[in-house]
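Remarks on the structure that follows.
Okay, here's the thing in structure tokens:
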């Protein structure tokens, strides 16, 4: 079937007589690779008869196969939406869904939902909440932990399947002969991608050996995420190329982060990234994160480029698509640049608001946070909200365990700093020796060192501890007995540390963290 004939079929499917159920306001949506027909209660997704190089839907047999793949794959994250693969029977002039006679096409039948529930629409309407971002992070972390791991002997996660798709983006853009683009910018980004991959080749190899190559979603940008019936639903999994789905889990995360970043929601992007990392502990991923941010920006640039060539020249939509393309190119270029890094640590007793402060700082300054409360438990095989029942100065909170926790935090922080990202360590740092070790780490990695010295009245500390323990939604197990012990052991900021220190009374609103740091 040619695309011209397919267009006639799609037009005929906009008539209610094609369906064996009631319809309401039949509407057509279109992407560069598919049509989606909304009928009221159900939606039907039909693949375009195209071969774009990176995907091939050119025959009805291939479209049938990929419809079945789409149903299978999306049943992992959106079983409530994906219902069946259905036939389209009859003729292109008079088609019937699940009718009799010759099968002329296939479609994926889905439960229709409001587009207003999609993350991109929620964002446009200023309705995307921090709770939904946190829920997305936990949903994806769980999905990745359960996703099938790539066989060590498979091609997935090798140079061919990591670098080739990245370079293919540039190839596809260059093939659009009528598309006007800055060739020098493309070459700069293509060269950077080659160089970054080969200079980090051992790290990519390490990622595969440590089971981070999995059968992921593959296309996790905001238009493919919805908050529907009080649940995170991630749909439209990438079905047309195994190599683009069997990927490093951090490549998946990079897509959502990049999409939020491009929409000028950096605070949500870094909230999502940090929440995911705290769930998974996969801080080694940051060593290759920059590569995948550039790759994902180029994926969107390529798609906008291709779409701009499928519509009428000089239309408003084409100009918009070209503008989008340039935005993604500029974003990719920005990702290739590293800035002066910072190592920020908190200092203060339990209840001084260090975690609340560090959350505000990481969102405002685009930082990676390492939380002592979470990493201490992870060292002992516990998740963040598990209660260890450890007594003061024993088990998880013995001096040995505390020292192991700080060394783990520094171990995680080092490669993050070395790869051009800034870090905030959320810990009490009451012992000066750990502050000195943090300063040394900063100096060895040419990072600016900052201490956020948090204070509040004892009454406020006691109130916060009582509230936190009752909520049971925080990793900290610090109780009033711990607070009293900390007060006895407290080692204040030294004279030598004053030049690195910002004093913060956390009982007062933090109006401008950007100004503070």
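Residue numbers (this note's numbering): 19 to 535. Where a beta carbon is used, it is the ideal one built from N, C-alpha and C, also for glycine.
If I'm right that residue 313 touches residue 184 with Cβ under 8 angstroms, what's the distance once you round it to whole angstroms?
-> Numbered from its first residue, the chain shown carries residue 313 at position 295. Numbered from its first residue, the chain shown carries residue 184 at position 166. With a Cβ gap of about 5 angstroms, residue 313 and residue 184 count as contacting.
Alpha carbon to alpha carbon, how far is residue 98 from residue 24?
-> Counting from 1 along the chain shown, the entry for residue 98 is found at position 80. Counting from 1 along the chain shown, the entry for residue 24 is found at position 6. Roughly 29 angstroms between the two C-alpha positions.
Measure from the alpha carbon of residue 124 to the alpha carbon of each residue in 117, 64, 191, then state which is nearest.
-> Walking along the chain shown from the start, residue 124 turns up at place 106. Looking at 117, 64, 191, the one whose alpha-carbon comes closest to that of residue 124 is 64.
Those runs of the beta strand (DSSP E) which lie wholly inside the segment 251-285 and span at least 3 residues = If we require 3 residues or more, the beta strand (DSSP E) runs fully inside the segment 251-285 come out as 264-266.
Check whether the segment 454-469 touches the segment 426-434, taking contact to mean three or more Cβ pairs, one atom from each stretch, closer than 8 angstroms.
-> These segments touch.
How is residue 525 classed by DSSP in three states: helix, strand or coil?
-> As a working mapping, residue 525 is identified with position 507 in the chain shown. Secondary structure at residue 525: coil, using DSSP grouped into helix, strand and coil.
Along the chain, where does the alpha helix (DSSP H) that runs through residue 316 open and close?
-> The count along the chain shown starts at 1 and reaches residue 316 at position 298. Under the DSSP assignment, residue 316 falls in the alpha helix (DSSP H) whose first and last residues are 304-326.
Is the CB-CB distance between residue 367 and residue 479 below 8 angstroms?
-> Working through the chain shown from its first residue, we reach residue 367 at position 349. Working through the chain shown from its first residue, we reach residue 479 at position 461. At a Cβ-Cβ threshold of 8 angstroms, residue 367 and residue 479 count as neighbours.
For the alpha helix (DSSP H) that residue 13 lies in, which residues bound it at each end?
-> This structure gives no information on residue 13, because the portion of the chain shown stretches from 19 to 535.
Of the residues 477, 54, 156, which one's Cα is nearest the Cα of residue 95?
-> Position 77 of the chain shown, counting from 1, holds the residue named residue 95. Closest option to residue 95, Cα to Cα, is 156.
Spatial neighbours of residue 120 within its chain, please: CB distance less than 7 angstroms, with the 5 preceding and 5 following residues excluded, ordered by chain position.
-> Here residue 120 refers to the residue found at position 102 of the chain shown. These residues qualify, in order along the chain: 107.
Could you tell me how far apart the beta carbons of residue 236 and residue 265 are, in whole angstroms, since I believe they sit closer than 8 angstroms?
-> Your numbering for residue 236 matches position 218 in the chain shown. Your numbering for residue 265 matches position 247 in the chain shown. About 7 angstroms separates the Cβ atoms of residue 236 and residue 265, confirming a contact at the 8 angstroms cut-off.
For residue 154 versus residue 290, is the C-beta spacing smaller than 8 angstroms?
-> For the purposes of this step, residue 154 is identified with residue 136 of the chain shown, where counting begins at 1. For the purposes of this step, residue 290 is identified with residue 272 of the chain shown, where counting begins at 1. One thing to note: residue 154 has its Cβ within 8 angstroms of the Cβ of residue 290.
For residue 68, name the three-state secondary structure that DSSP assigns.
-> Numbered from its first residue, the chain shown carries residue 68 at position 50. Coil, per DSSP.
In the structure shown, what three-state DSSP assignment does residue 41 receive?
-> Counted from its first residue, the chain shown places residue 41 at position 23. Looking at residue 41 - three-state DSSP - the assignment turns out to be coil, as it is neither helix nor strand.
For residue 392, the first and last residue of its enclosing alpha helix (DSSP H) | On the chain shown, position 374 is the one that residue 392 refers to. Per DSSP, the unbroken alpha helix (DSSP H) holding residue 392 starts and ends at 390-397.
List the endpoints of the continuous beta strand (DSSP E) containing residue 472.
-> Taking the chain shown and counting its residues from 1, one reaches residue 472 at position 454. Residue range 466-473 is occupied by the beta strand (DSSP E) that includes residue 472.
What residue range is occupied by the uninterrupted beta strand (DSSP E) comprising residue 539?
-> For residue 539 there is no data in the structure shown, the boundaries of the chain being 19 and 535.
Between the CA atoms of residue 84 and residue 258 - distance to the nearest angstrom | Working through the chain shown from its first residue, we reach residue 258 at position 240. Working through the chain shown from its first residue, we reach residue 84 at position 66. Each residue's alpha carbon lies about 6 angstroms from the other.
N- and C-terminal bounds of the beta strand (DSSP E) containing residue 329 = Walking along the chain shown from the start, residue 329 turns up at place 311. Residue 329 -> no beta strand (DSSP E), and no H or E assigned at all.
Local Cβ density within 10 Å of residue 510, reported as buried at 16 or more and exposed below that | For this step, residue 510 is matched to residue 492 along the chain shown. When all chains shown are included, residue 510 counts as exposed.
By Cβ distance, which residues of its chain are closer than 6 angstroms to residue 372, with the 5 residues on each side in sequence left out?
-> As a working note, residue 372 is residue 354 in the chain shown. Around residue 372: 364, 366, 444, 472.
For residue 51, I'd like the list of residues in its chain whose CB is within less than 6 angstroms of its CB, leaving aside the five on either flank, ordered along the chain.
-> Sequence index remark: in the chain shown, residue 51 carries index 33 (1-based). The residues 66, in chain order, have a CB closer than 6 angstroms to that of residue 51 in the same chain once the five nearest residues on each side in sequence are set aside.
Is the segment 218-233 touching the segment 169-183 in the sense that three or more CB pairs, one from each, lie closer than 8 angstroms?
-> Cβ pair count under 8 angstroms is three or more, so yes.
Going by the beta-carbon positions, is the gap between residue 215 and residue 262 smaller than 8 angstroms?
-> Counting from one through the chain shown, the residue named residue 215 turns up at place 197. Counting from one through the chain shown, the residue named residue 262 turns up at place 244. Contact flag unset, no.
Do you know offhand how far residue 49's Cα is from residue 326's?
-> Start at 1 with the first residue of the chain shown, and residue 49 comes out as number 31. Start at 1 with the first residue of the chain shown, and residue 326 comes out as number 308. When rounded, the separation of the alpha-carbon atoms in residue 49 and residue 326 is 11 angstroms.
Roughly how many angstroms lie between the CA atoms of residue 80 and residue 73, to the nearest whole one?
-> In the chain shown, residue 80 corresponds to position 62, counting from 1. In the chain shown, residue 73 corresponds to position 55, counting from 1. Roughly 10 angstroms between the two C-alpha positions.
Assign residue 238 to one of three DSSP states: helix, strand, or coil.
-> For the purposes of this step, residue 238 is taken as the residue at position 220 of the chain shown. If DSSP states are grouped into helix, strand and coil, residue 238 belongs with coil.
When the Cα of residue 122 is compared with those of 242, 113, 129, which residue comes out closest?
-> As a position in the chain shown, residue 122 is number 104, starting the count at 1. Closest by alpha carbon: 113.
Keeping to the same chain, check which residues put their C-beta closer than 7 angstroms to that of residue 436; ignore five residues upstream and five downstream.
-> The residue you call residue 436 lines up with position 418 of the chain shown. Hits under 7 angstroms: 463.
Enumerate, from N- to C-terminal direction, the unbroken beta strand (DSSP E) stretches of 3 or more residues contained entirely within the segment 115-189.
-> Fully enclosed beta strand (DSSP E) runs of 3 or longer: 121-129.
Hey, how far is the Cα of residue 32 from the Cα of residue 398?
-> Within the chain shown, the letter at position 14 stands for residue 32. Within the chain shown, the letter at position 380 stands for residue 398. When only Cα atoms are considered, residue 32 and residue 398 end up about 59 angstroms apart.
Exposed or buried, what is residue 526 when buried is set at 16 or more other beta-carbons lying within 10 Å of its beta-carbon?
-> Taking the chain shown and counting its residues from 1, the one referred to as residue 526 is at position 508. Residue 526 is classed as exposed because its beta carbon has fewer than 16 other beta carbons within 10 Å across all chains shown.
At which residues does the beta strand (DSSP E) containing residue 248 begin and terminate?
-> What you label residue 248 is simply residue 230 of the chain shown in a count that begins at 1. In the DSSP assignment, residue 248 falls outside any beta strand (DSSP E), carrying neither H nor E.
Sort 307, 268, 139 by Cα distance to residue 243 and report the nearest one.
-> Here residue 243 refers to the residue found at position 225 of the chain shown. The shortest C-alpha separation from residue 243 is found at 139.
My guess is that residue 135 and residue 246 are in contact by the Cβ rule of under 8 angstroms, so how many angstroms apart are they, rounded?
-> Counting from one through the chain shown, the residue named residue 135 turns up at place 117. Counting from one through the chain shown, the residue named residue 246 turns up at place 228. Right, their Cβ atoms sit about 5 angstroms apart.
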